[in-house]
Amino acid sequence: SSFGQTTATGLSAMMEGSISHDAVTRFLTNSEYTSKHLWQQVKPTIRDIENEDGVLIFDDTIQAKPHTKENETNCWHYDHTTNTAVKGINLLNFLYHCEGVSIPIAFHIVTKPICYSDISTRKTKRKATITKNQLLRDMVDTACHNQVKFRYVLMDSWFTSKQTLKHIRKKDKHVIAALKSNRLIALNLQDKKQSRYQRIDEIGLPDKKAMTGYLKDYPHEVVFIRQVFTNKDGSLGVLYLVCTDSQLPADKIMSLYEKRWAIEVFHKSLKQNASLAKSPAHSKRAMHNHVFLSICATVKLECLKLTTKLNHFALKAKLLVAASKAAFDELTLLRAA
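Each position in the sequence shown, counted from 1, maps to that position plus 223 in my numbering.
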């Protein structure tokens with residue numbers, strides 16, 4: 224990770240001119256690198272680590288860039304972690320997690336090319352041409368086409384639309400996901416047939432016990448679990464889970480869903496160790512390619528983790544110590560001159 228902006232001239236200087244800054248600029252602007260190129264990079268690693276117990280984790284993150292000029296890539300997005308609108312880049316990631324190793328196999332940068340006037344506020348806003356749930360379904364299709372070995376897709380409550388659940392089940396895969404507290408469910412077939420649905424937070428599910436039932440507008444039986452946990456501030460929180468595999472016990476469902484945390488770790492490393500926010504680029508293509516390169520850098524850190532047994536932040540600390548030693552040695556030489 225760079226201390227300042229990651230620039231073409233900075234990279235050229237570090238490489239002592241073996242790569243010109245013009246070559247870096249051409250790389251960033253001539254072609255756009257996409258999920259297809261990412262798959263070509265990570266495919267050998269995936270083939271080495273994959274097995275049938277692997278999981279795919281889908282989530283998005285927003286890299287705030289409040290001082291960069293607004294365009295269809297760097298624009299306003301709703302951040303559900305803070306319940307506020309944030310100006311920045313909204314990145315969707317599809318992470319393959321198996322045996323403690325996390326490798327992204329697909330990504331998508333949300334763009335909002337359509338401008339419209341909000342009637343209530345009379346402000347100009349932007350919107351995308353495709354929903355995140357549709358993008359998730361497309362990524363699942365691609366993973367199946369690429370014959371990635373996995374059984375479950377893990378995701379947050381924002382992506383559990385009925386169309387997405389049906390789509391993944393048609394691929395003979397299962398979903399373990401969080402549910403919003405207002406999701407309507409029925410705990411038996413009779414209530415489902417008579418459309419007697421209730422909010423999941425009003426039914427009184429037992430804590431950490433699997434209860435079979437039905438989601439509204441989803442035809443198959445599923446498993447519901449309620450988890451009560453303590454937040455950092457001491458307050459109590461409640462998490463509702465749904466699993467489309469009705470044969471899976473509660474403890475297994477909860478342990479599998481805990482693996483979803485791997486994508487939060489990936490996003491943290493992407494931002495803090497791979498300079499996601501530090502590109503001075505303003506064009507759409509250069510911004511997108513910088514994101515692609517940051518993802519590739521995080522993959523390299525994950526591969527180094529396998530060989531060194533050090534996590535991403537320990538690797539960064541080790542590199543910084545080595546850089547400090549080199550800087551001190553250079554300073555000593557300058558003093559002696």
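Cβ atoms here follow ideal geometry from the backbone N, Cα and C, with glycine treated the same way.
The straight-line gap separating the alpha-carbon atoms of L479 and A497 is approximately 28 Å. Here A550 is exposed, its C-beta having fewer than 16 other C-beta atoms within 10 Å. For V247, the CB contacts under 8 Å within the same chain, skipping 5 residues up- and downstream, are A231, L234 and S235 in chain order.
L542 and L533 have their C-alpha atoms spaced approximately 12 Å apart.
By the neighbour-count criterion, in which a residue is buried when 16 or more other Cβ atoms sit within 10 angstroms of its Cβ, E553 is exposed. Inclusion of C338 and I272 in the CB contact set at 7 Å is not warranted, their separation being larger than that value.
Non-local beta-carbon contacts of D276 in its own chain, meaning distances under 8 Å to residues more than five positions away in sequence, involve C321 and R374 in chain order. Classified as buried, V522 has 16 or more neighbouring CB atoms from the shown chains inside 10 Å of its CB. Taken through DSSP and simplified to helix, strand or coil, L428 comes out as coil. Relative to L315, the option among D245, S325, K415 and H490 whose CA is nearest is H490. The three-state secondary structure of L471, taken from DSSP, is coil. Residues of the same chain with a CB within less than 6 Å of the CB of E444, apart from the 5 flanking positions on each side, are T435 and S469 in chain order.
Rounded to the nearest angstrom, the gap between the Cα atoms of L557 and A504 is 34 Å. If the five residues before and after R422 are omitted, its C-beta is found closer than 6 Å to the C-beta atoms of N405, all from its own chain and listed in chain order. In the structure shown, the three-state DSSP call for Y437 is strand. D364 is the residue among V461, I399, L529 and D364 whose C-alpha sits nearest the C-alpha of S258. Counting C-beta pairs closer than 8 Å gives three or more between the segment 386 to 406 and the segment 353 to 360, which meets the contact rule.
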